[in-house]
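> Below are the structure tokens for one structure; questions will follow.
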Amino acid sequence: MNKQTILKLIASNKNLGSLALRVPLGIVLAAHGAQKLFGWFGGYGLEGTGQWMASIGLVPGFLMALLAGSAEFFGGLALVVGLLTRPAALISAFTMIVAIFSVHISNGLFMSNNGYEFALVLLAATIALSIQGGGRFSVDNWIGERINNSQSKGIAG
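According to this note's numbering, the stretch in the sequence shown is residues 145 to 301, in order.
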């Protein structure tokens with residue numbers, strides 16, 4: 145992968161808004177992924193989550209649990225530190241779309257009936273981060289600055 149491709153992938157608005165959105169969103173996603181993958185925080189782990197996913201028609205259930213749990217857990221961790229923010233946010237957005245339409249939509253909007261409002265808010269937040277990137281205080285920004293500095297030294301030298 146060349147430097148220009150990497151720079152496009154990690155490009156970011158240099159604002160603080162991304163940080164305020166990234167960290168809590170990443171924590172929430174990582175925690176939900178940990179429930180699915182490891183059974184932490186009252187979750188069912190891969191086996192239980194896989195059985196449940198198969199029961200609602202997401203088959204093979206174990207694979208779907210592994211994919212959803214991994215997207216949430218590793219994507220959430222990436223969002224917390226701002227590493228590959230845009231790809232992590234896009235994958236998380238896709239996961240939320242699947243959750244909305246396969247699990248929650250038939251229950252209406254409100255969470256009290258297991259509706260889609262929480263997943264919709266997570267979808268909106270992940271789309272926002274997909275658009276604006278990780279922000280000033282992100283690993284993406286740090287890497288981008290290093291690449292730009294090395295390019296300018298290469299041009300000057």
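The beta carbon of each residue, even a glycine, is placed where N, CA and C say it ideally should be.
Please say whether Ala174 and Val224 have beta carbons closer to each other than 8 Å?
Numbered from 1 along the sequence shown, position 80 holds the residue referred to as residue 224. Numbered from 1 along the sequence shown, position 30 holds the residue referred to as residue 174. Yes, the pair counts as a contact, with Cβ atoms nearer than the cut-off.
> Just the C-alpha distance for Gln148 and Leu169, rounded to the nearest angstrom, thanks.
Locating residue 148 in the sequence shown gives position 4, counting from the first residue. Locating residue 169 in the sequence shown gives position 25, counting from the first residue. If you take the alpha carbons of Gln148 and Leu169, they lie about 28 Å apart.
> With distance defined between alpha-carbon atoms, name the residue in Tyr260, Ser256, Ala198, Thr239 nearest to Phe218.
Looking up residue 218 in the sequence shown gives position 74. The candidate whose alpha carbon is nearest that of Phe218 is Thr239.
> Pull up the CB-CB distance for Ala233 and Ala263, whole angstroms please, since I reckon it's below 8 Å.
What you label residue 233 is simply residue 89 of the sequence shown in a count that begins at 1. What you label residue 263 is simply residue 119 of the sequence shown in a count that begins at 1. With 8 Å as the limit, Ala233 and Ala263 do not qualify as a contact, their Cβ atoms being about 15 Å apart.
> By Cβ distance below 6 Å, which residues in the same chain neighbour His176 in space, the five residues on each side in sequence not counted?
The residue given as residue 176 occupies position 32 in the sequence shown. Same-chain partners within the cutoff: Glu216.
> Taking Leu221 as the reference, give the member of Leu151, Gly189, Ile235 with the closest Cα.
The count along the sequence shown starts at 1 and reaches residue 221 at position 77. Closest option to Leu221, Cα to Cα, is Ile235.
> Report the CB separation of Gly161 from Leu181 in whole angstroms; it is logged as a contact under 8 Å.
Counting from one through the sequence shown, the residue named residue 161 turns up at place 17. Counting from one through the sequence shown, the residue named residue 181 turns up at place 37. Gly161 to Leu181, Cβ: 30 Å. No contact.
> Once the 5 residues before and after Pro204 are set aside, which same chain residues still bring their CB inside 8 Å of it?
Within the sequence shown, residue 204 is the residue found at index 60, counting from 1. Excluding sequence neighbours, Pro204 sits near Gly194, Ala198.
> Within 7 Å: the Cβ of Leu227 and any heavy atom of the ligand MG?
Here there are no bound small molecules, and the ligand MG is not part of this structure.
> Once you ignore the five residues that flank Ile150 on each side, which residues in its own chain have a CB closer than 7 Å to its CB?
Taking the sequence shown and counting its residues from 1, the one referred to as residue 150 is at position 6. For Ile150, where only same-chain residues beyond five positions count, the Cβ hits under 7 Å are Ile291.
> Spatial neighbours of Asn257 within its chain, please: C-beta separation below 8 Å, excluding the five flanking residues on both sides.
Here residue 257 refers to the residue found at position 113 of the sequence shown. Taken in chain order, the residues that qualify are Asn251.
> The alpha helix (DSSP H) spanning Met255 covers which residue range?
Looking up residue 255 in the sequence shown gives position 111. Where Met255 is concerned, there is no enclosing alpha helix (DSSP H), given that its DSSP letter is neither H nor E.
> Run through DSSP, which three-state label would Phe217 get?
By one-based count along the sequence shown, residue 217 stands at place 73. DSSP places Phe217 in helix when its eight states are reduced to three.
> Buried or exposed for Leu190, going by 16 or more other Cβ atoms inside 10 Å?
Along the sequence shown, one-based indexing puts residue 190 at 46. Result: buried.
> Going by CA-CA distance only, name the one from Ser246, Phe185, Gly186 that's closest to Met119.
Absent from the model: residue 119. The displayed extent of the chain is 145 to 301, so no value can be given.
> Just to confirm, is the Cβ distance from Gln276 to Ser156 under 8 Å?
What you label residue 276 is simply residue 132 of the sequence shown in a count that begins at 1. What you label residue 156 is simply residue 12 of the sequence shown in a count that begins at 1. The answer is yes: Cβ separation under 8 Å.
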